[in-house]
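Residue numbering for the sequence shown follows the numbering used here, beginning at 70 and increasing consecutively.
Here a beta-carbon is modelled for each residue, glycine too, at the ideal position from N, C-alpha and C.
Notes to accompany the following structure.
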Amino acid sequence: MAKTPEYPIVVIPELVKDKKQFTPLVFPSGQGDAPIGASEGLFENVLKHYFGEIVSPQQVMFPPGHRLPFTADFLMVEPNTGLHIDLEVDEPISFATGKPTHCIGEDDYRNKCFVDANWLVIRFAEEQVSSQPERCARFIAGAIAQLTDNNTYRQKLLHVEKVTPIRQWSARQASRLKKSDYRQGYLGQRRN
């Protein structure tokens with residue numbers, strides 16, 4: 070039986086992992102207009118505090134052969150190598166439709182499009198960025214250090230605990246979370 074994926078979810082391009090080639094094969098093409106999630110504004114403040122100007126919200130990427138783009142919740146570009154990082158914040162229920170979203174396997178193709186463009190993908194559960202935003206920043210800083218040898222950001226976050234993993238949900242589990250107003254519970258709390 071396959072293990073349930075846990076957030077943070079990381080998908081590393083082969084060119085980055087094996088050959089240390091960081092230049093994207095597809096560059097971003099501007100800012101998108103996708104709806105901004107409930108916790109993304111606060112998370113952006115934390116990201117900008119620790120990573121500064123390398124963070125850009127709502128950046129569009131056109132995968133080759135696609136008519137429509139994908140929009141990264143946040144794009145981070147590591148300044149020494151040019152590594153492009155697609156940061157995603159996944160909520161269990163869509164505000165727009167009220168239906169389960171980001172369920173197990175649902176974002177696999179989207180992740181593949183970013184990875185095929187040589188972008189690193191890091192996905193957090195909305196609950197993580199809402200309740201432990203600095204821990205999520207520490208995770209990102211660790212990934213940057215591990216892949217690029219740039220320890221600048223990790224040094225700023227050594228005092229922060231590691232992010233607590235959260236299991237990704239199935240559509241059935243997301244529906245149960247909606248019925249119990251689980252999302253409203255964690256959106257109302259803020260801590261490190």
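Please determine, among V115, P234, A210, L189, the residue with the shortest C-alpha to C-alpha distance to F91.
Walking along the sequence shown from the start, residue 91 turns up at place 22. Closest in C-alpha terms to F91, from the list V115, P234, A210, L189, comes L189.
Q.
Only counting the same chain, and skipping five residues up and downstream in sequence, which positions put a Cβ closer than 8 Å to that of Q100?
A. Translated into the one-based positions of the sequence shown, residue 100 becomes position 31. Sequence-distant partners of Q100 (beyond 5 residues in either direction) whose C-beta falls short of 8 Å from its own C-beta, in its chain, are S125, P126, Q127, Q128, V129.
Is it the case that the Cβ atoms of P161 and A243 are separated by a distance below 8 Å?
Counting from one through the sequence shown, the residue named residue 161 turns up at place 92. Counting from one through the sequence shown, the residue named residue 243 turns up at place 174. Going by C-beta atoms, P161 is nearer than 8 Å to A243.
Compare the Cα-Cα distances from T150 to each of I173, D176, N220, D177 and report the closest residue. Position 81 of the sequence shown, counting from 1, holds the residue named residue 150. Distances from the alpha-carbon of T150 to those of I173, D176, N220, D177 put N220 closest.
Practice problem: Using the Cα positions of F208 and D177, report the straight-line distance between them to the nearest angstrom. | Solution: Here residue 208 is taken as the residue at index 139 of the sequence shown, counted from 1. Here residue 177 is taken as the residue at index 108 of the sequence shown, counted from 1. Put simply, the backbone Cα of F208 is about 21 Å away from that of D177.
- Task: Report yes if the CB atom of F112 is closer than 8 Å to the CB atom of P202, and no otherwise.
- Result: Start at 1 with the first residue of the sequence shown, and residue 112 comes out as number 43. Start at 1 with the first residue of the sequence shown, and residue 202 comes out as number 133. Here F112 is near P202, since their CB atoms are less than 8 Å apart.
Evaluate the contact criterion for the segment 143–157 versus the segment 227–244: three or more CB pairs, one atom per stretch, below 8 Å.
-> Verdict: no, contact absent.
* **Cβ neighbours of A186 in the same chain (closer than 7 Å, five flanking residues each side left out)** => As a working note, residue 186 is residue 117 in the sequence shown. If we look at A186 and ignore the five residues flanking it on each side, its Cβ neighbours are P93, L94, V95, M130, P132.
query = Under 8 Å, do I78 and R192 count as touching if we go by C-beta distance?
reply = Here residue 78 corresponds to residue number 9 of the sequence shown, with the count starting at 1. Here residue 192 corresponds to residue number 123 of the sequence shown, with the count starting at 1. With respect to the 8 Å criterion, I78 and R192 are classified as neighbours on the basis of their beta carbons.
message = Under DSSP, the beta strand (DSSP E) around A141 begins and ends at which residues?
response = Here residue 141 refers to the residue found at position 72 when the sequence shown is read from its first residue. Unbroken beta strand (DSSP E) run through A141: 139–146.
Assigned exposure category for H171 - 16 Cβ within 10 Å defines buried: Start at 1 with the first residue of the sequence shown, and residue 171 comes out as number 102. H171 is buried by the Cβ-count criterion.
Proximal residues to R223 (C-beta, below 8 Å), its chain only, five neighbours per side dropped
Start at 1 with the first residue of the sequence shown, and residue 223 comes out as number 154. The answer, listed in chain order, is R207, A210, G211, I213, A214.
Residue interval of the alpha helix (DSSP H) (run including R179): Walking along the sequence shown from the start, residue 179 turns up at place 110. Going by DSSP, R179 is part of the alpha helix (DSSP H) stretching over 177–185.
Q: Note down the Cα distance separating M145 from L116, rounded to an integer number of angstroms.
A: Within the sequence shown, the letter at position 76 stands for residue 145. Within the sequence shown, the letter at position 47 stands for residue 116. The alpha-carbon separation between M145 and L116 amounts to approximately 9 Å.
Beta-carbon proximity check, Y76 vs A240, cutoff 8 Å
The residue labelled residue 76 in the question sits at position 7 within the sequence shown. The residue labelled residue 240 in the question sits at position 171 within the sequence shown. Not a contact, by the Cβ cut-off of 8 Å.
Quick check on T166: buried or exposed, where buried means 16 or more other Cβ atoms within 10 Å of its Cβ? Here the question's residue 166 lines up with position 97 in the sequence shown. Counting every other CB atom within 10 Å of its CB across the protein chains shown gives T166 a total below 16, marking it as exposed.
Original post:
Do D155 and F183 come within 8 Å of each other at the CB atom, strictly closer than that value?
Top reply: Here residue 183 is taken as the residue at index 114 of the sequence shown, counted from 1. Here residue 155 is taken as the residue at index 86 of the sequence shown, counted from 1. Yes, they are a contact pair.
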